[in-house]
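Before any comments, here is the structure.
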Amino acid sequence: MGSSVRPQLLFALLVLAGCRREAQIRPPDDRSVPISAVGAAVAPRLTQLALGRYHACAVQSDGAVRCVGRNDYGQLGDGSTEDRSRAVRVGAIDDALEVAIGDYHTCVRRVDRTVSCFGYNATGQLGDGTHIDRGAPWPVAGLEEAEGLALGAHHSCARLGDGTVRCWGYNGDGELGDGTTVDRATPVRTKLVSAQRIVAGSYHSCALGERGRVLCWGSNMAGQLGDGTMVNRHEPTRVAHVAGAVDIALGFAHTCARSDALYCWGANFQAQLGDGTRDAQLEPKKIALANVTQIALGFAHSCARTADGNGHCWGDVRAPLDKIVPDVRAISVAGATTCVELGSGAVRCDGWDFFERLVMP
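Oh and the sequence shown: position 344 is 344 in our numbering, straight run, nothing missing.
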């Protein structure tokens, strides 16, 4: 990146800024986040964080979005392509409900349930019908009633209020789930009847369906679709042997789901599946960690919070988070970065020595 500040440090500093304002790390579809706070005449606080491999963004309670990190293609939304070591406000956004991040692009879901995106657009991942990079928010064409977002490396998806899913952008491995491998510059309907939640990895996508079924599509180079093969799937395909799932998380090429137990599958070159091996698994494998309440996956590592409040991480993890961390309220993971929020409100990230803090103005 253009600045000398490491991306992982930026992610951590953004989390620390949220800690200063007593914000919790929340999943983007957490219904406890009050949307009535948008526009309120109070000091803004962070209501949602999105951590990416190279940049990070936060939604504030006043509906503003601030971003920090790499900005080569305008993915910070401030109208420039200058990398930022301090958070900058995304232009023309004061009604955000959710922000989601890809490798070099960003999308925001707004109060009216439309979606605006900015940044890199070579494969149409901004959904505006062009391949023009945008340094400021631009509306996704024809998309309404969005209830959730999921961004991969170069593709984007939105879950609508009726449970259907629309995706756009890169589709070389079938990431859009429309039955083709044709890139799309505007949203297309994924062949999925009813999704309760959508999640994106770098080059694959998954959804929680009815009765806790897990369906995945896209790249399957390491078995991350969990159907027993290494064949890419161009439309949603049911994951084997997992039912009643209540949560799912995706990494670069591995996937985990939480139901009656924790199950993981896909790439395992850094022991990120937690099964005691480094062998890829083409179908879900039950992991010996009980009472999991939250899962979060990075590029080549995995983390979980258990009901006793302990945080556990495995795979390519740096100290001090390579040990069990007690009193964890929430875990956030992106790329090689891990941040845990403790019950005290303090945040620990990866073991970096934080000599500066990011102040959200």
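We treat Cβ as the ideally placed atom computed from N, Cα and C, and that holds for glycine. Bear in mind that the values here come from a model prediction, so they are computed numbers and not experimental data.
- When the Cα atoms are used, PRO326 and LEU46 turn out to be separated by approximately 24 angstroms.
- Of the residues assessed, ASP78 falls on the buried side of the cut-off, its CB having 16 or more other CB atoms within 10 angstroms.
- For the pair ARG213 and CYS206, the Cα-to-Cα distance works out to about 10 angstroms.
- Rounded to the nearest whole angstrom, the CA to CA distance from GLU283 to GLY127 is 33 angstroms.
- By the 16-neighbour rule on beta-carbons within 10 angstroms, SER344 is exposed.
- About 25 angstroms separates the CB atoms of GLY276 and SER202; that is not less than 8 angstroms, and the two are not in contact.
- Taken atom to atom, the span from the alpha-carbon of VAL317 to that of ARG113 is near 37 angstroms.
- Excluding sequence positions up to five before and after GLY124, its CB lies within less than 7 angstroms of the CB of HIS131, TRP168, GLY169, ASP183, ARG184 and ALA185, all in the same chain and listed in chain order.
- Residue range 55-60 is occupied by the beta strand (DSSP E) that includes GLN60.
- Ranking GLY172, ALA261 and ASP72 by CA distance to the CA of TYR104 puts ASP72 first.
- For ARG197, the beta-bridge partners assigned by DSSP are LEU208.
- In the structure shown, VAL317 falls within a coil segment according to DSSP collapsed to helix, strand and coil.
- A straight-line Cα-Cα distance of about 30 angstroms links GLY298 and GLU144.
- In summary, ALA222 is buried, with 16 or more beta-carbon neighbours lying within 10 Å of its beta-carbon over all protein chains present.
- Between ALA195 and ARG233, the gap from beta carbon to beta carbon reaches 8 angstroms or more.
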